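Enquirer:
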Amino acid sequence: MKTNKSILDRIAETIVNLDPDNAKKTVEEALEAGISPYELVVKGMAKGMEVVGERYAKMEYFLPELVMAGEAMKAAMEVLKPHLRARGAKPIGRVVIGTVKGDLHDIGKNIVVSMLTGGGFEVYDLGVDVTRETFVEKTIEVSADIVGMSALLVTTMSEMRDVIQELKKANLKVRVLVGGRPLTEEYANRIGADGYGKDALEAVKKAKELIQPSVDRQEC
Amino acid sequence: MMRPIERVAACLRFETIDYVPVCLNTTGMFYAGFVGEKEIEYYRDPEKMLKWQTAFQKRFPAVEHFLGIAPEYGCAVEPTALGCKHQWLEESSPAIVEPAIKATEDIDKLEIPDPLSDGLMPMALKAYKYFDEHLEDEFRENYGYLEGWSMNILGPFDLAALTRGITNFMADLYRNPEAAERLLRMCTKTQIVWLHAQEDIVGKLKKITISDDLSGAISKKFFDRFALPYFLEIRKEFHEAQIWLHNDSNTTAVLENIARIGVNAFHFGPDVDPGVAKRNIGSRVCLVGNIPPLEVFKNGTPDEVEQACKSCIDKASRGGGYMLSAGGAVARDTPLENIATMVRTAETYGRYK
């Protein structure tokens, strides 16, 4: 008989091996074995993503591998979602995300969406060329915990500052996470963002840090 | 003193020259800031495009333009010819907003574009003709612009990724690699047809510039399967032309693979250590790079620009075959003082050791 530990390790392996089909199957197997969905996310999938992150940092994994790891996370999460809901489990956090107005680039944002979804967040992807009004409206509508913004162009990154100001004007207690090629941590601080992700993996890590108190409370 | 055209030619032959050339990748993003207008004015009007490019060249005569004096439309031209949808924005080059194909089965429905009728190719050719008819002789004589010099094209990997959608294409490399290869073959044929169409205007191509950022974001193994063979086809078809490649991803892992394309010059990004690039491929490929385009070239002080330039020269110029540049396209509102500092540093400090 397989132990919890071995199944959790195998789930992590499916993520590391970039294998969405087996990620789905192994999660189904784990649920049948009675392992809690939350344990699967935290001790299985998240561990797998940690290894993916390490390999990316060591230049053993590249962009296609990040995309496939995101796909594996998403496939596993699709199986888990109804079980999490049935147990009354809330998502780790709600994220409203988009590429800012005037910018149509979305490769980085799409990977972040996959990984946040796979990481247990409820993600509302607004797409590209998103106006500040849309960010604010969606944040209110879904009671988002985090607003994520991406920009690839130097000419559009200043739009992030305007979105942050609009969120403040609307008195929304939401955390703001930003990323994109022309950005730096210093710029993120300067415009009043709460977090900056240099790449997709770091963005997900930061997102978890930003909602840390509520993650600690999760038990299901 | 050597003329720019002589300096660059000698640099590409790894010969001793008076000073390290400065070669910048300047696009509409930068030119719009240079003249204080919106980018769309540049992309919509070949007259303005030519005027702004030559105005900058006159302001900085020592600067070689990586893309030449030629029409450029970011990465929109070839994808639109294959059926991708694009959108014009006020402050950007035309952007691809929808891939041409939604499923791998659709790859076989794609047709090689006709440059005279498909997507933005006719518009680009018209602008190219305008440039050819109106470019002042001094730019041809001193720099070689438009003398068999292609418009910038996308590499086959970037074109395939945009045609399929970047995320889907990256997943295809794992899920359906044969389909990815079929698409890459189609994109390579497209680029060969596109380059030949340009020859109708500027004559037999002597220099081809290619931008292919995404092939720098894959492993060596994937590069050898999904990028190298397609670059080599272009290399073979235009075997007498120089190829200048731009890829500002972190290409550290695939430097050797890039050299195997047989490129003459490689414009690389700020994440690559110029010393590593020099040691790995710098005796075969002329390196062009790579002070950080944002943190230093745009936002740094002239002193910081000077230090960064000296560091690049120290690391990458030994034995020749090196041009000083920013590690990517020059950002909008990069201070002219910083550009002047780069030129001055090249002139005073830039000697091949």
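These protein sequence lines are chains A and B, in that order.
Sequential numbering of the first sequence, starting at 1144, is according to our numbering.
Sequential numbering of the second sequence, starting at 4, is according to our numbering.
By construction, the Cβ of each residue, glycine as well, lies at the ideal position given by its N, Cα and C atoms.
Only a predicted model underlies this, so the values are computations on that prediction, with no experimental measurement involved.
1. Leaving out five residues on either side along the sequence, give the residues of the same chain with a beta carbon under 6 Å from the beta carbon of residue 1299 of chain A.
2. With distances taken from CA atoms, which of A:1272, A:1327, A:1324 and A:1209 is nearest residue 1306 of chain A?
3. Using the rule of at least 16 other Cβ atoms within 10 Å of the residue's Cβ for burial, across every protein chain shown, is residue 207 of chain B buried or exposed?
4. Determine which residues share a DSSP beta bridge with residue 1226 of chain A and list them.
5. On a Cα-Cα basis, can you pick out the residue from A:1238, A:1198, A:1263 and A:1291 that is closest to residue 1218 of chain A?
6. Grab the span of the alpha helix (DSSP H) containing residue 1164 of chain A for me, first residue to last.
7. Check distances from the C-beta atoms of the segment 171 to 185 of chain B to those of chain C and list, in chain order, the residues that come in under 7 Å.
8. Can you give the Cα-Cα distance for residue 1316 of chain A and residue 1234 of chain A, rounded to whole angstroms?
9. Can you pull the chain B neighbours of residue 1202 of chain A, defined as C-beta to C-beta under 9 Å?
10. What are the partner residues of residue 1293 of chain A, as DSSP defines its beta bridges?
11. If you run the structure through DSSP and keep just helix, strand and coil, what is residue 433 of chain B?
12. Which residue comes first and which comes last in the alpha helix (DSSP H) that contains residue 1195 of chain A?
13. Below 8 Å CB to CB, which residues in the same chain sit around residue 1150 of chain A once its five sequence neighbours on both sides are set aside?
14. Please specify which runs of the beta strand (DSSP E), each continuous and at least 3 residues long, are wholly inside the segment 246 to 334 of chain B, giving them in chain order.
15. Expressed to the nearest angstrom, what Euclidean distance is found between the alpha-carbon atoms of residue 82 of chain B and residue 157 of chain B?
16. Any chance the segment 316 to 331 of chain B sits against the segment 11 to 19 of chain B, with 3 or more Cβ pairs inside 8 Å?
17. Given a limit of 9 Å on CB to CB distance, which residues of the segment 1208 to 1221 of chain A reach chain B?
18. Could you give the residue range of the alpha helix (DSSP H) that holds residue 1248 of chain A?
19. Which residues mark the beginning and the end of the alpha helix (DSSP H) in which residue 1349 of chain A is found?
20. Enumerated in chain order, which unbroken segments of the beta strand (DSSP E) with a length of 3 residues or greater are wholly contained in the segment 94 to 128 of chain B?
21. So what's residue 209 of chain B in DSSP terms, helix, strand or just coil?
22. Can you tell me which residues form a DSSP beta bridge with residue 190 of chain B?
23. What three-state label does DSSP hand residue 14 of chain B in the structure shown?
24. Would you call residue 1291 of chain A buried or exposed, if buried means 16 or more other Cβ atoms sit within 10 Å of its Cβ?
25. Could you give the DSSP three-state label for residue 1272 of chain A: helix, strand or coil?
26. How many angstroms separate the CA atom of residue 269 of chain B from the CA atom of residue 249 of chain B?
27. Helix, strand or coil for residue 1259 of chain A per DSSP?
28. Determine the direct distance from the alpha carbon of residue 1239 of chain A to that of residue 1309 of chain A, and round the result to whole angstroms.
29. Mind pulling the chain A residues with CB within less than 9 Å of residue 95 of chain B?
30. Closer than 7 Å: is that where the CB of residue 1155 of chain A sits relative to any heavy atom of the ligand GTP?
31. Inspect the CB distances between the segment 197 to 207 of chain B and the segment 151 to 171 of chain B and report whether three or more fall short of 8 Å.
32. Whose C-beta lies closer than 6 Å to the C-beta of residue 255 of chain B among residues of the same chain, with five residues either side of it excluded?
33. Quick check: is the beta carbon of residue 298 of chain B nearer than 8 Å to any beta carbon in chain A?
34. Of the residues that make up the segment 212 to 241 of chain B, which ones have a beta carbon closer than 8 Å to any beta carbon in chain A?
35. Establish whether the CB of residue 124 of chain B and some CB of chain A are separated by less than 8 Å.
36. Less than 8 Å between CB atoms is the rule here; does residue 167 of chain B satisfy it with respect to chain A?
Expert: In brief:
1. Locating residue 1299 of chain A in the first sequence gives position 156, counting from the first residue. Only 1243, 1245 and 1246 meet the Cβ criterion.
2. For the purposes of this step, residue 1306 of chain A is taken as the residue at position 163 of the first sequence. Among A:1272, A:1327, A:1324 and A:1209, the Cα nearest to that of residue 1306 of chain A belongs to A:1272.
3. Position 204 of the second sequence holds residue 207 of chain B. That one is exposed.
4. Locating residue 1226 of chain A in the first sequence gives position 83, counting from the first residue. In the DSSP output, where bridge partners are listed per residue, residue 1226 of chain A has none listed.
5. Taking the first sequence and counting its residues from 1, one reaches residue 1218 of chain A at position 75. Nearest of A:1238, A:1198, A:1263 and A:1291 to residue 1218 of chain A, Cα basis: A:1263.
6. Position 21 of the first sequence, counting from 1, holds the residue named residue 1164 of chain A. Residues 1163 to 1175.
7. The question asks about chain C, but that chain is absent: this structure's protein chains are A and B.
8. Locating residue 1316 of chain A in the first sequence gives position 173, counting from the first residue. Locating residue 1234 of chain A in the first sequence gives position 91, counting from the first residue. Answer to the nearest angstrom: the Cα atoms are 18 Å apart.
9. As a working note, residue 1202 of chain A is residue 59 in the first sequence. By Cβ distance, chain B contributes 222, 253, 255 and 256.
10. The count along the first sequence starts at 1 and reaches residue 1293 of chain A at position 150. DSSP, once it has assigned bridges, lists A:1242 and A:1322 as partnering residue 1293 of chain A.
11. Summary: the structure shown does not reach residue 433 of chain B, with chain B confined to residues 4 through 356, and so no result is reported for it.
12. The sequence position of residue 1195 of chain A within the first sequence is 52, counting from 1. Per DSSP, residue 1195 of chain A belongs to the alpha helix (DSSP H) from 1189 to 1200.
13. The sequence position of residue 1150 of chain A within the first sequence is 7, counting from 1. So the qualifying residues of the chain are 1169, 1172, 1173, 1176, 1178 and 1187.
14. 268 to 271, 289 to 294 and 325 to 329
15. On the second sequence, position 79 is the one that residue 82 of chain B refers to. On the second sequence, position 154 is the one that residue 157 of chain B refers to. So the two alpha carbons sit approximately 9 Å from each other.
16. yes
17. 1208, 1209, 1210, 1211, 1213 and 1214
18. The residue given as residue 1248 of chain A occupies position 105 in the first sequence. Per DSSP, residue 1248 of chain A belongs to no alpha helix (DSSP H) and is neither H nor E.
19. Along the first sequence, one-based indexing puts residue 1349 of chain A at 206. Start and end: 1343 to 1353.
20. 98 to 101
21. By 1-based counting over the second sequence, the position of residue 209 of chain B is 206. Coil.
22. On the second sequence, position 187 is the one that residue 190 of chain B refers to. The partner list for residue 190 of chain B (beta bridge, DSSP) is empty, contrary to what the question assumes.
23. The residue labelled residue 14 of chain B in the question sits at position 11 within the second sequence. Three-state DSSP puts residue 14 of chain B in a helix.
24. For the purposes of this step, residue 1291 of chain A is taken as residue 148 along the first sequence, with counting starting at 1. So residue 1291 of chain A ends up on the buried side.
25. Reading the first sequence from its first residue, position 129 is the one you call residue 1272 of chain A. Residue 1272 of chain A falls in the coil class under three-state DSSP.
26. Sequence index remark: in the second sequence, residue 269 of chain B carries index 266 (1-based). Sequence index remark: in the second sequence, residue 249 of chain B carries index 246 (1-based). Each residue's alpha carbon lies about 6 Å from the other.
27. Stepping through the first sequence from its first residue, residue 1259 of chain A is reached at position 116. Three-state result, residue 1259 of chain A: helix.
28. Here the question's residue 1309 of chain A lines up with position 166 in the first sequence. Here the question's residue 1239 of chain A lines up with position 96 in the first sequence. Rounded to the nearest angstrom, the two C-alpha atoms are 15 Å apart.
29. Within the second sequence, residue 95 of chain B is the residue found at index 92, counting from 1. Those are 1245, 1246, 1247, 1296, 1298 and 1299, listed as they occur along chain A.
30. In the structure shown, the ligand GTP is absent, as is every other ligand, since no ligand is present at all.
31. yes
32. Locating residue 255 of chain B in the second sequence gives position 252, counting from the first residue. Same-chain partners within the cutoff: 275.
33. Along the second sequence, read from residue 1 onward, the residue named residue 298 of chain B stands at position 295. For residue 298 of chain B, the answer is yes, since a Cβ of chain A falls inside 8 Å of its Cβ.
34. 217, 220, 221, 222 and 225
35. Numbered from its first residue, the second sequence carries residue 124 of chain B at position 121. No, because no Cβ of chain A sits closer than 8 Å to the Cβ of residue 124 of chain B.
36. Indexing the second sequence from 1 puts residue 167 of chain B at position 164. Output row for residue 167 of chain B: interface = no.
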